[in-house]
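See below for the structure under consideration.
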Amino acid sequence: MKSVSSILAGTAVLALLAPMALAEDSTDPIIIPLHNWSSQIVMSHVVGDVFASMGNAVEYVTTDSQAVYEAVRLGDVSLELEVWEGAFGASFDAAVAKGGIHAAGAHNAVTREDWWYPMWTKEACPGLPDWKALNDCAALFATPETGDKGRFLGGPVDWLKHDAEKVDALGMNFAVVNAGSAAAIWAELGAAEKTKTPIVVFNWTPNFAEAVWPGEFVEFPKWEPGCNEDPKVGMFPEKTYDCGNPATGYLKIAAWDGMKDKWPAAYATLTKVTLTNAQIAEMAKLVDIDGMEPEDAAKSWMDANPDVWKAWLN
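Using mature numbering (1 follows the signal peptide of the UniProt record, and there is no 0), the letters of the sequence shown correspond one by one to residues -23 to -1, 1 to 291.
Dropping the structure here:
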């Protein structure tokens, strides 16, 4: 555990929340993991504040976004609020197969995670969004760092998007450079916007980005089950990862199997948590555009959306 902060019921931030002390829940803290993108951090604080309003102790711990599923399975952390199919589905499924973790719910959201470009890039490479057209334009994206190859700015390494494998499988003239954080991607997009420099980056929805930079996802060969593992699936029979990511992915909520017995009231609330694309994007916007700290963003979001989170308590 890299960093831990505790929230107990009765703090000033929760003064307006109705006390709902529930004796049947353990007095041990519910441990909520935090990762490296804003919506997940804000959402974690929102749900943590709701748990605290019920009389539960809550702790937050910074956790690797792939390793978290093993941590949930073992009960080292209690839950995970954003299981993105494209980035984390394989790790989640592997943990479920071992036992100790399950899907406790799902958001009313459709996710997509893939290569993406702002619309000024399409003006320079009009064949987009086709991936072959992007490859034909690779020289537009070349930098001193990548030589004669186009530069693709990927997400943090721990998101495990296998972009280098995709480049190899599809024979693309691109080099993958991984950003250190989501904030680094937004910073590069903002810098490219000033000069309308063509740029292609890893992006995902739901988030705030397309409200700021209208753009499109690159259209790779359609994802189908097995294309990442079985060379026979996909357009090249000798390659894996010869496809895009799921275009209509899920966004699930995971929980430790022991949570429902140790904190039954909190678990019942967790199973009612569900958010839409727009609500999740707003959480990210409060941090990434409005510049709020995640804890303050959670309070602001709760103030603006009482009907949403209060429904989880019923």
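Note that the Cβ used here is the ideal one computed from N, Cα and C, for glycine as well.
Practice problem: Mind checking which residues open and close the alpha helix (DSSP H) that includes GLU62? | Solution: 62 to 75
Quiz item: In chain order, what residues of the same chain lie with their CB nearer than 6 Å to the CB of LEU(-2), ignoring the 5 residues before and after it?
Solution: Note that LEU(-2) has pLDDT 44, beneath the 50 cutoff, so the model's placement of it is unreliable and no number is given.
Practice problem: Output the boundary residues of the beta strand (DSSP E) element that contains GLY192. | Solution: 192 to 194
Practice problem: List the endpoints of the continuous beta strand (DSSP E) containing ASN180. | Solution: 177 to 182
Quiz item: Within this structure, are the beta carbons of residue 297 and ILE230 separated by less than 8 Å?
Solution: The requested residue 297 is not part of the displayed model; the chain covers only -23 to 291.
Exercise. Just grab the DSSP bridge partners of HIS79 for me.
Key: ALA232
Quiz item: Which residues does DSSP pair with ASN155 in a beta bridge?
Solution: GLY131
Self-check item: For THR253: DSSP bridge partner residues
Solution: ASN85
Quiz item: Between which two residues does the alpha helix (DSSP H) carrying ILE18 extend?
Solution: 15 to 30
Practice problem: Count the other CB atoms, across all protein chains shown, that sit within 10 Å of the CB of ALA274; report buried if there are 16 or more and exposed otherwise. | Solution: buried
Practice problem: Measure the alpha-carbon distance for ALA29 versus ASN85 and round it to whole angstroms. | Solution: 24 Å
Quiz item: With a cut-off of 8 Å, do at least 3 Cβ pairs link the stretch 200 to 210 to the stretch 127 to 135?
Solution: no
Quiz item: On the three-state DSSP scale, how would you describe MET269?
Solution: coil
Quiz item: My guess is that GLY192 and PRO95 are in contact by the Cβ rule of under 8 Å, so how many angstroms apart are they, rounded?
Solution: 4 Å
Quiz prompt | 8 Å Cβ cutoff met for PRO223 and TRP200 | solution = yes
Quiz item: Are the stretch 9 to 23 and the stretch 248 to 262 touching by the rule of at least three beta carbon pairs closer than 8 Å?
Solution: yes
Quiz item: What is the DSSP secondary structure of TYR46, reduced to helix, strand or coil?
Solution: helix
Self-check item: Contacts around GLY104, its chain only, beta-carbon distance under 6 Å, and the 5 residues preceding and following it disregarded
Solution: ALA110
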